Amino acid sequence: IADIKGGPDEGLDRVGQTLVAMGWVRTLRVQSSVTFLEVNDGSCLSNMQCVLSSDAEGYDQVESGLISTGASIWVQGTLVASQGAKQKVELKVDKVVLVGKSDPSYPIQKKRVSREFLRTKAHLRPRTNTFGAVARVRNALSYATHKFFQENGFVWISSPIITASDCEGAGEQFCVTTLIPSSREAADSPVNAIPNTKDGLIDWSQDFFGKPAFLTVSGQLNAETYATALSDVYTFGPTFRAENSNTSRHLAEFWMIEPELAFADLNDDMACATAYLQYVVRHVLDNCKEDMEFFNTWIEKGIISRLNDVAEKDFVQLTYTDAIELLLKAKKKFEFPVKWGCDLQSEHERYITEEAFNGCPVIIRDYPKDIKAFYMRQNDDGKTVAAMDLLVPRVGELIGGSQREERLEYLENRLDEMKLNKESFWWYLDLRRYGSVPHAGFGLGFERLVQFATGVENIRDAIPFPRTPGSAEF
Ligand code: 4AD
Ligand code: MG
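Counted the way the UniProt record's numbering counts, the sequence shown spans residues 101 to 574.
What follows is the structure in structure tokens.
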């Protein structure tokens, strides 16, 4: 359908052709002389309006009610100019074939249903306008991500999902455990299997074939090993956080894009983050026009012009110290008190981008070292590190990044100070022993980018199958 309607004249250029469409019936209107079927195949937001008169082959299936909302059908007909105001062309059907009928209990009827309701129908929600559009924009963002990095000479690296390291040091990891089938039946059904035990207790720490292992929280440390060999690299894959937080911005499983630049400092890192974000936003505006118009009308009024500004205007940059000054001077009362050294809460981040800078993305740099991870490069003041967060309106932190500590002795001291086990980072320290280089990178939460680009308020609606505390059904 996108093929037909996406042409230069929304299909008018193909009037007179005999065409076939396959898709799912969105709505069905029976009138005295003709029946209108709106068919959607997911290739675009718009439906193909199919007009059937009683002489069309297969019409009896429409008449008898066998073809109903939700059914899958195959139609063949002639493309004609439409009298209707909503579309330029429609299909005058010669033949309709029912492919799969739809039970009357089909829950996605024409009336608008809430997104909360649709979260309980994750298997059927892609058949709605909103979720179809989100899926296509997510796909476009993913394509644009690879395109941006490939065009700029980055090499895509697959970082492992199972790892022994805790990159962020926040202890928010899921543990990997090996299930031992307790019986023949259990072998057939892993749910009945039992975890490794020691003295009758589950031994979570020894469970990846005798060693502790976790689901990765970030591919950064692995990316660093490749950046210090291939220069610029990036990862794009799933990451996991055992954060028991029920917010509209957190998932237990989310996708992260992590570029790592060799022979680069924090300024190069911020420039890369800015160029990347502007590129993917521009790509979506140029290539997902119909879906973006839909979001602009139904999900977030004015999103197109706001994204245009993001793609064109410079981002604001300020230091953490200046951001704290700004918050202290704000007339607003915050729930979490502000003082130098505190971590910025989402209310602070939102105030900065939404109110202080009027919706412009803001990069905050040089955070206190005590609220940041061990690998960040110490600044000369001895108090701050070369870290940066990129904040955008509504979503808050979209990107977190830093210049990495490339000096062996500084890194070893920092690991000691933070009481982290130096031995387990032997390979990471080796990168500083053999041909160390200044390098920097960042991580962007892909679902937060989808939220930002589409306007969907809840991160659960930015990923096909959201994993949050208590939800991993299928
Ligand atoms: O700021 P974070 O924790 O940074 C890192 O993991 C670094 N190792 C990245 C790097 O420098 N290579 O996470 C990066 C981004 C955040 O800015 C946020 O967009 C997203 O990942 N993120 C989440 N997205 C959804 N759900 C969660 N629970 C998230 N936690 C982080
Ligand atoms: Mg962060």
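All C-beta atoms in this analysis are idealised placements derived from N, C-alpha and C, irrespective of residue type, glycine included.
Nothing here was measured: the structure is a model prediction, and the numbers come from that model.
Note to self: My output table needs one value for Asp368: the three-state DSSP class, helix, strand or coil.
What the structure shows: Position 268 of the sequence shown, counted from the start, is the residue given in the question as residue 368. The answer is helix: DSSP assigns Asp368 an H, G or I state.
Check: Are the beta-carbon atoms of Gly541 and Glu360 separated by less than 8 Å?
Finding: By one-based count along the sequence shown, residue 541 stands at place 441. By one-based count along the sequence shown, residue 360 stands at place 260. Taking 8 Å as the Cβ cut-off, Gly541 and Glu360 qualify as a contacting pair.
Note to self: Please identify the residue among Arg227, Arg382, Ser524 whose C-alpha is closest to the C-alpha of Thr263.
What the structure shows: The count along the sequence shown starts at 1 and reaches residue 263 at position 163. The shortest Cα separation from Thr263 among Arg227, Arg382, Ser524 belongs to Ser524.
Checklist line | In DSSP terms, what Ala487 is bridged to | finding: Counting from 1 along the sequence shown, the entry for residue 487 is found at position 387. Its beta-bridge partners are Ser502.
Check: Heavy atom of the ligand 4AD less than 7 Å from the Cβ of Ser502, yes or no?
Finding: Position 402 of the sequence shown, counting from 1, holds the residue named residue 502. For Ser502, the distance from the CB to the nearest heavy atom of the ligand 4AD is below 7 Å.
Check: Hey, how far is the Cα of Trp174 from the Cα of Ala244?
Finding: As a first step, residue 174 is located in the sequence shown; it is residue number 74 there, counting from the start. As a first step, residue 244 is located in the sequence shown; it is residue number 144 there, counting from the start. The alpha-carbon separation between Trp174 and Ala244 amounts to approximately 33 Å.
Next item on the list: Can you tell me which of the three DSSP states Glu393 falls into?
Entry: As a working mapping, residue 393 is identified with position 293 in the sequence shown. Looking at Glu393 - three-state DSSP - the assignment turns out to be helix.
Note to self: Does Ile563 pass the burial test, meaning 16 or more other C-beta atoms within 10 Å, or should it be called exposed?
What the structure shows: Here the question's residue 563 lines up with position 463 in the sequence shown. So Ile563 counts as buried.
Notebook entry, point to check: For Asn479, which of helix, strand or coil comes out of DSSP?
Noted result: Counting from 1 along the sequence shown, the entry for residue 479 is found at position 379. Looking at Asn479 - three-state DSSP - the assignment turns out to be coil, as it is neither helix nor strand.
Checklist line | Local Cβ density within 10 Å of Phe394, reported as buried at 16 or more and exposed below that | finding: Reading the sequence shown from its first residue, position 294 is the one you call residue 394. Buried.
Check: Whole-angstrom Cβ separation of Gln503 and Asp365, contact assumed at under 8 Å?
Finding: Numbered from its first residue, the sequence shown carries residue 503 at position 403. Numbered from its first residue, the sequence shown carries residue 365 at position 265. The C-beta distance from Gln503 to Asp365 rounds to 5 Å, short enough to fall under 8 Å.
Next item on the list: Using alpha carbons as the reference points, say which of Phe309, Val485, Arg494 lies closest to Thr277.
Entry: Counting from one through the sequence shown, the residue named residue 277 turns up at place 177. Of Phe309, Val485, Arg494, the residue nearest in Cα terms is Phe309.
Checklist line | For Val197 and Leu152, believed in contact at Cβ under 8 Å, the rounded distance | finding: Taking the first residue of the sequence shown as position 1, residue 152 is located at position 52. Taking the first residue of the sequence shown as position 1, residue 197 is located at position 97. That pair is no contact at about 12 Å.
Check: From which residue to which residue does the beta strand (DSSP E) around His223 run?
Finding: Here the question's residue 223 lines up with position 123 in the sequence shown. For His223, there is no enclosing beta strand (DSSP E), as DSSP gives it neither H nor E.
Margin query: Let's test the definition: count the other Cβ atoms within 10 Å of the Cβ of Ala327 and tell me whether it reaches 16, buried, or not, exposed.
Written below: As a working mapping, residue 327 is identified with position 227 in the sequence shown. With 16 or more other Cβ atoms within 10 Å, it is buried.
Notebook entry, point to check: Should Asp516 be listed as close to the ligand MG, given that the test is whether its C-beta is under 7 Å from any heavy atom?
Noted result: Taking the first residue of the sequence shown as position 1, residue 516 is located at position 416. Distances between the C-beta of Asp516 and the heavy atoms of the ligand MG are all 7 Å or more.
Next item on the list: Taking residue 56 as the reference, give the member of Asp530, Ser143, Asp332, Asp203 with the closest Cα.
Entry: This structure does not reach residue 56, given that the chain is present from 101 up to 574, and the question cannot be answered.
Notebook entry, point to check: Do Arg341 and Glu272 have their CB atoms nearer than 8 Å?
Noted result: The residue you call residue 341 lines up with position 241 of the sequence shown. The residue you call residue 272 lines up with position 172 of the sequence shown. Yes, Cβ-Cβ distance for Arg341 and Glu272 is below 8 Å.
Margin query: Let's see if you can read the secondary structure: which residues bound the beta strand (DSSP E) around Val115?
Written below: Mapped onto the sequence shown, residue 115 falls at position 15. Looking at the DSSP string, Val115 is not in any beta strand (DSSP E), and its letter there is neither H nor E.
Check: Rounded to a whole number of angstroms, what is the C-alpha to C-alpha distance between Val495 and Met392?
Finding: Here the question's residue 495 lines up with position 395 in the sequence shown. Here the question's residue 392 lines up with position 292 in the sequence shown. If you take the alpha carbons of Val495 and Met392, they lie about 18 Å apart.
Check: Which residue from Leu191, Ser154, Val139, Gln149 puts its Cα closest to that of Ala171?
Finding: Locating residue 171 in the sequence shown gives position 71, counting from the first residue. Nearest in C-alpha terms to Ala171, of all of Leu191, Ser154, Val139, Gln149, is Val139.
Item checked: Residue burial classification, Thr339 (beta-carbon count within 10 angstroms, cutoff 16) -> Indexing the sequence shown from 1 puts residue 339 at position 239. Taking all protein chains shown into account, Thr339 has 16 or more neighbouring C-beta atoms within 10 Å of its C-beta and is therefore buried.
Notebook entry, point to check: Hey, would you say Ala411 sits closer than 8 Å to Gln378, going by beta carbons?
Noted result: Indexing the sequence shown from 1 puts residue 411 at position 311. Indexing the sequence shown from 1 puts residue 378 at position 278. Contact flag set, yes.
Notebook entry, point to check: My guess is that Glu547 and Leu385 are in contact by the Cβ rule of under 8 Å, so how many angstroms apart are they, rounded?
Noted result: For the purposes of this step, residue 547 is identified with residue 447 of the sequence shown, where counting begins at 1. For the purposes of this step, residue 385 is identified with residue 285 of the sequence shown, where counting begins at 1. Glu547 to Leu385, Cβ: 20 Å. No contact.
Item checked: Closer than 7 Å: Gln320 CB and nearest the ligand 4AD heavy atom -> The count along the sequence shown starts at 1 and reaches residue 320 at position 220. When distances are taken from the beta-carbon of Gln320 to the heavy atoms of the ligand 4AD, the shortest one is below 7 Å.
Next item on the list: Buried or exposed for Phe436, please, with buried defined as at least 16 other CB atoms from any protein chain shown within 10 angstroms of its CB.
Entry: As a working note, residue 436 is residue 336 in the sequence shown. Burial call: exposed.
Margin query: In the DSSP assignment, the beta strand (DSSP E) including Lys195 goes from what residue to what residue?
Written below: Along the sequence shown, one-based indexing puts residue 195 at 95. It spans 189-200 - the beta strand (DSSP E) in which Lys195 sits, taken as one unbroken run.
Note to self: So the candidates are Thr220, Glu497, Ile257, Lys472; which of them puts its Cα closest to the Cα of Tyr451?
What the structure shows: The count along the sequence shown starts at 1 and reaches residue 451 at position 351. Closest by alpha carbon: Glu497.
Notebook entry, point to check: Does Phe354 get closer than 8 Å to chain C when you measure Cβ to Cβ?
Noted result: Given the protein chain composition of this structure (a single chain), no chain C is represented.
Next item on the list: Return yes when at least one heavy atom of the ligand MG lies under 7 Å from the C-beta of Glu547, else no.
Entry: For the purposes of this step, residue 547 is taken as residue 447 along the sequence shown, with counting starting at 1. Taking the Cβ of Glu547 as the reference point, every heavy atom of the ligand MG lies at 7 Å or farther away.
Check: How would you label Asp533, buried or exposed, when you count the other beta carbons within 10 angstroms and need 16 or more for buried?
Finding: Against the sequence shown, residue 533 aligns to sequence position 433. Per the sequence shown, residue 533 should be read as Arg rather than Asp. Result: exposed.
Checklist line | With 16 other Cβ atoms within 10 Å as the buried cut-off, status of Arg225 | finding: Here residue 225 corresponds to residue number 125 of the sequence shown, with the count starting at 1. Of the other Cβ atoms in all chains shown, 16 or more fall within 10 Å of the Cβ of Arg225; this residue is therefore buried.
Checklist line | Reduced DSSP secondary structure (H/G/I, E/B, other) of Ala342 | finding: Here residue 342 refers to the residue found at position 242 when the sequence shown is read from its first residue. Coil, per DSSP.
Notebook entry, point to check: Which ranges would you report for the alpha helix (DSSP H) in the segment 114-193 if only whole runs of at least 4 residues count?
Noted result: Segments of the alpha helix (DSSP H) lying fully in the segment 114-193: 159-163.
Note to self: Tell me the rounded alpha-carbon separation between Asn239 and His383.
What the structure shows: Taking the sequence shown and counting its residues from 1, the one referred to as residue 239 is at position 139. Taking the sequence shown and counting its residues from 1, the one referred to as residue 383 is at position 283. Using only the alpha carbons, I get a separation of about 11 Å.
Next item on the list: Could you tell me if the beta carbon of Asp489 falls within a distance shorter than 7 Å of some heavy atom in the ligand MG?
Entry: Along the sequence shown, read from residue 1 onward, the residue named residue 489 stands at position 389. When distances are taken from the beta-carbon of Asp489 to the heavy atoms of the ligand MG, the shortest one is below 7 Å.
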